[in-house]
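Quick notes on the structure that follows.
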Amino acid sequence: MQVFLGLLLIFSFILIAIGIIWFIVIMIKKGRFRYPIVVFVVGILLLISSSFGAYLVVPDYNAINEQEGKNFYQVLASGKDVQGESLTFTVSEIGSNEQQGLVGLGVVSTEEKPITVLLNVSGESQAIQSGDTVTVQINSISNFASLFILKATLE
């Protein structure tokens, strides 16, 4: 979905540029303005719709509350491959391992079975605070004694 929205965004910029250039050429030749204005307006409408569409992208999994956290834990425990999929969760705690360049975020789940998400240290990942809602793309999954560790990147 994100690739489609990205291509739609690029296409809208191309239509806007073509409409502007075509409009300038027609102004010089003193022709009819109808078609370049239509191309320009369609480009603007596509730009607006693709911009709003980016906010409507639904993540593959949610772990915002405890029940969703339990459901996501069950998905991981079942062995389903969730690599490459997105997860939205509320950060319960923050840890740091500066030697490895990672920030650890706790995902809301059952108390006895926490899920940890590891992110590379960056300005965005260091700005995350406990209680924030974050969307990540899962890169890899590790399981150690029923504790799941997900390596991910911010979306």
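So for the sequence shown, the working numbering puts the first residue at 53; every next one is plus one. Backbone N, C-alpha and C fix where the C-beta goes; we use that ideal spot for every residue, glycine too.
Do you know how far the Cα of Gly95 is from the Cα of Phe124? 40 Å
According to DSSP, is Lys203 part of a helix, a strand, or is it coil? strand
Am I right that Leu128 and Ile193 are in contact with their C-beta atoms under 8 Å? What's the rounded C-beta distance? 7 Å
Leaving aside the five residues before and after Glu176 along the sequence, list all residues of the same chain whose C-beta is less than 7 Å from its C-beta, in chain order. Leu206
For Phe85, does the three-state DSSP call read helix, strand or coil? coil
What does the alpha-carbon distance come out to for the pair Arg86 and Val55? 32 Å
How should Gly121 be labelled, buried or exposed, when 16 other C-beta atoms within 10 angstroms of its C-beta is the threshold for buried? Burial of Gly121 is indicated by the presence of at least 16 other C-beta atoms within 10 angstroms of its C-beta.
Pro88: which of Val169, Ile70, Phe104 and Ser102 sits nearest, CA to CA? Ile70
Confirm, please, whether the CB-CB distance from Val186 to Val143 is below 7 Å. yes
Cβ pair Ser102, Leu171 closer than 7 Å: no
In or out: Leu130 buried (at least 16 other Cβ within 10 Å) or exposed? One detail in the question is off: residue 130 reads as Ser in this sequence, not Leu. With fewer than 16 Cβ atoms within 10 Å of its Cβ, Ser130 is classed as exposed.
When we look at the beta-carbon of Ser182 and count the other beta-carbons within 10 Å, is it buried (16 or more) or exposed? exposed
For Asn195 versus Lys203, is the C-beta spacing smaller than 7 Å? The Cβ atoms of Asn195 and Lys203 lie no closer than 7 Å to each other.
Let's see if you can read the secondary structure: which residues bound the beta strand (DSSP E) around Asn117? No beta strand (DSSP E) holds Asn117; DSSP gives it neither H nor E.
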